[in-house]
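Enquirer:
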Amino acid sequence: MNPIVRVLKLLRRKIYSMRILIPGLKELHRIEAMVGPLGVWNVCSKYQLNCLRQLGLRPKHFLADIGCGPLQGGVAFINYLDESKYYGIDKNPDNLDEAYRLVRTNDLSKKHPNLILSDTFGYKELNKEVFDFFWVSQ
Numbered sequence: 000m001n002p003i004v005r006v007l008k009l010l011r012r013k014i015y016s017m018r019i020l021i022p023g024l025k026e027l028h029r030i031e032a033m034v035g036p037l038g039v040w041n042v043c044s045k046y047q048l049n050c051l052r053q054l055g056l057r058p059k060h061f062l063a064d065i066g067c068g069p070l071q072g073g074v075a076f077i078n079y080l081d082e083s084k085y086y087g088i089d090k091n092p093d094n095l096d097e098a099y100r101l102v103r104t105n106d107l108s109k110k111h112p113n114l115i116l117s118d119t120f121g122y123k124e125l126n127k128e129v130f131d132f133f134w135v136s137q
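Read in order, the letters of the sequence shown are residues 0 to 137 in numbering that gives the first Met the number 0.
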């Protein structure tokens with residue numbers, strides 16, 4: 000890698016890590032640090048939803064988000080989909096704790112998203128469910 004590019008990337012990381020000191024960005028930084036890369040949470044969220052919509056996702060469809068993490072795409076998916084159509088599956092309980100918190104914070108509880116802790120990618124828990132779309136990202 001070009002030494003100048005390496006220095007610029009390091010500088011960018013340092014600048015982003017300073018966001019934790021800014022009250023309005025501290026929480027976003029904490030969540031982004033769970034999934035990375037820093038500074039692109041909203042861009043990635045919009046990208047994920049737009050990808051699935053381009054592929055034909057509609058509010059009536061059932062979506063399984065494998066490795067949903069703290070809902071980087073999940074918040075947008077839940078917002079877009081009809082009630083109870085979103086299934087987020089993750090093996091990390093900390094990610095799901097954050098996912099539940101984001102559901103409450105974004106007033107999405109009324110959409111009844113299904114958040115599932117699983118070390119089998121949902122195989123044991125969802126083996127009888129039928130999905131229209133699967134999303135695996137990261």
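Cβ atoms here follow ideal geometry from the backbone N, Cα and C, with glycine treated the same way.
On the three-pair Cβ rule with 8 Å, is the segment 75 to 91 touching the segment 115 to 125?
Expert: Segments in contact, yes.
Enquirer: For L80, which option in R12, K59, G55 and N1 has the closest C-alpha, if you only look at C-alpha atoms?
Expert: Looking at the Cα atoms, K59 is the closest of the given residues.
Enquirer: Which ranges would you report for the beta strand (DSSP E) in the segment 70 to 113 if only whole runs of at least 3 residues count?
Expert: Whole beta strand (DSSP E) segments, 3+ residues: 85 to 89.
Enquirer: Please report how far the alpha carbon of E31 lies from the alpha carbon of K110, in whole angstroms.
Expert: Their Cα atoms are separated by approximately 24 Å.
Enquirer: Among E82, K123 and V74, whose alpha-carbon lies nearest the alpha-carbon of Y99?
Expert: Per the Cα distances, V74.
Enquirer: Which same chain residues end up closer than 8 Å to P92 when comparing Cβ atoms and leaving out the 5 residues on each side of it in sequence?
Expert: Same-chain partners within the cutoff: L116.
Enquirer: Give the secondary structure of V135 by DSSP, where H, G and I count as helix, E and B as strand, and everything else as coil.
Expert: Of the three classes helix, strand and coil, the one that applies to V135 here is strand, per DSSP.
Enquirer: Taking just the CA atoms, how far does L125 sit from L56?
Expert: Spanning the two alpha carbons is a distance of roughly 20 Å.
Enquirer: Do you know whose CA, among R12, A63, D106 and L48, lies nearest A127's CA?
Expert: The question names Ala, yet the displayed sequence has Lys at residue 127. Nearest C-alpha to K127: A63.
Enquirer: Over what stretch of residues does the alpha helix (DSSP H) that includes L125 continue unbroken?
Expert: Its alpha helix (DSSP H) spans residues Y122 to L125.
Enquirer: State yes or no: is the C-beta of F130 within less than 8 Å of the C-beta of F61?
Expert: The answer is yes: Cβ separation under 8 Å.
Enquirer: Taking C-alpha atoms, which residue in N1, P69, K45 and Y46 lies nearest to E26?
Expert: Of the listed residues, the one whose Cα sits closest to E26 is P69.
Enquirer: Have a look at L95 and I77 and give me their C-alpha separation to the nearest angstrom.
Expert: C-alpha separation (whole angstroms): 15 Å.
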